[in-house]
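The numbers in this note's numbering rise by one with no breaks, and the one at position 146 of the sequence shown is 906.
Backbone N, C-alpha and C fix where the C-beta goes; we use that ideal spot for every residue, glycine too.
Only a predicted model underlies this, so the values are computations on that prediction, with no experimental measurement involved.
First the structure, in the form of structure tokens, and then the observations on it.
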Amino acid sequence: MTATLPVKISFSLPDGWRSAPPDEVGAPGVAFVALHPASIDGFTANITIAGRMRNDSATMRQIADESVQRLSEAGTVEVTKQEEVGTPDIPGLTDAPGVVQNLRLSTSLHGEPLELVQSQVYLGMEDVDRPSQRAVIELVLTAKPTQLEAVLDDFKEFVRSVRADEGS
């Protein structure tokens, strides 16, 4: 079932990407999927957007770690990079505080082994009326290692375009 985001956001897809219904491409639980048709090679590079409200005290790093734990249930996961962004020291890609982490995944697709890489961006958006509430938006690029060079700059461009929708 396609999910909805806890806050409205706006973004721009780079050229060469097209949106796809999450349920139809095997991505239930996410609000948005974009595919990169030119990268099809047994796996299509994709960008997903998901999000949820949090009212706990988990740090953005802890929230990113939760993703690693979830993915570990389906195969081997190696964190190759994890850093905080949106702080005074590292302004990052957006104004929202968050975490960027890169992962290497060993999983299977249709019974065949598959190596994938992910670049995950977690952005926290506090509710100004209720500071104990915050929306966490997850932006994820998933690709085969051989596809990464062709799509990584597009993902960075996409992340830079993400904004809270002022109408929300």
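Tell me whether the segment 897-908 and the segment 870-886 touch, counting them as touching only if at least three CB pairs, one residue from each stretch, are closer than 8 angstroms. yes
Please go through the same chain and pick out, in chain order, the residues whose beta-carbon is closer than 7 angstroms to the beta-carbon of leucine 874, but skip the five residues on each side of it. Position 114 of the sequence shown, counting from 1, holds the residue named residue 874. These residues qualify, in order along the chain: Phe803, Thr867 and Ser868.
Do alanine 791 and arginine 778 come within 9 angstroms of each other at the CB atom, strictly closer than that value? In the sequence shown, residue 778 corresponds to position 18, counting from 1. In the sequence shown, residue 791 corresponds to position 31, counting from 1. Result no, Cβ atoms of arginine 778 and alanine 791 do not sit closer than 9 angstroms.
Residue nearest to proline 774 in terms of C-alpha spacing, selected from Ala798, Asp783 and Thr764: By 1-based counting over the sequence shown, the position of residue 774 is 14. For proline 774, the nearest C-alpha among the options comes from Ala798.
Backbone CA spacing between valine 839 and aspartate 889 [nearest angstrom]: Position 79 of the sequence shown, counting from 1, holds the residue named residue 839. Position 129 of the sequence shown, counting from 1, holds the residue named residue 889. Roughly 35 angstroms separates the two Cα atoms.
Sequence-distant residues of its chain with Cβ nearer than 7 angstroms to proline 766 (five each side left out): Start at 1 with the first residue of the sequence shown, and residue 766 comes out as number 6. Closer than 7 angstroms at Cβ, skipping near neighbours: Gly811, Arg812, Met813 and Ala895.
For valine 877 versus alanine 910, is the C-beta spacing smaller than 9 angstroms? The sequence position of residue 877 within the sequence shown is 117, counting from 1. The sequence position of residue 910 within the sequence shown is 150, counting from 1. No, Cβ-Cβ distance for valine 877 and alanine 910 is not below 9 angstroms.
Would you call aspartate 925 buried or exposed, if buried means 16 or more other Cβ atoms sit within 10 Å of its Cβ? Here residue 925 refers to the residue found at position 165 of the sequence shown. When all chains shown are included, aspartate 925 counts as exposed.
Where DSSP assigns a beta bridge to glycine 884, which residues make up the other side? Counting from one through the sequence shown, the residue named residue 884 turns up at place 124. Val896, per the DSSP bridge assignment.
Could you tell me which residues DSSP pairs with serine 832 in its beta bridges? As a first step, residue 832 is located in the sequence shown; it is residue number 72 there, counting from the start. Bridge partners of serine 832: none, in fact.
When you compare only the Cα positions, how much space is there between alanine 805 and valine 785? Position 45 of the sequence shown, counting from 1, holds the residue named residue 805. Position 25 of the sequence shown, counting from 1, holds the residue named residue 785. Between alanine 805 and valine 785, the C-alpha separation is close to 12 angstroms.
Using C-beta distances below 6 angstroms, list every residue in its chain close to asparagine 862, excluding the 5 sequence neighbours before and after it, in chain order. Numbered from its first residue, the sequence shown carries residue 862 at position 102. The residues are Thr840, Lys841 and Ser879.
Is valine 922 closer than 9 angstroms to isoleucine 769 when the C-beta atoms are compared? One-based indexing of the sequence shown puts residue 769 at position 9. One-based indexing of the sequence shown puts residue 922 at position 162. Going by C-beta atoms, isoleucine 769 is nearer than 9 angstroms to valine 922.
Tell me, please, which residues DSSP counts as bridged to serine 770. Here residue 770 corresponds to residue number 10 of the sequence shown, with the count starting at 1. DSSP, once it has assigned bridges, lists Arg923 as partnering serine 770.
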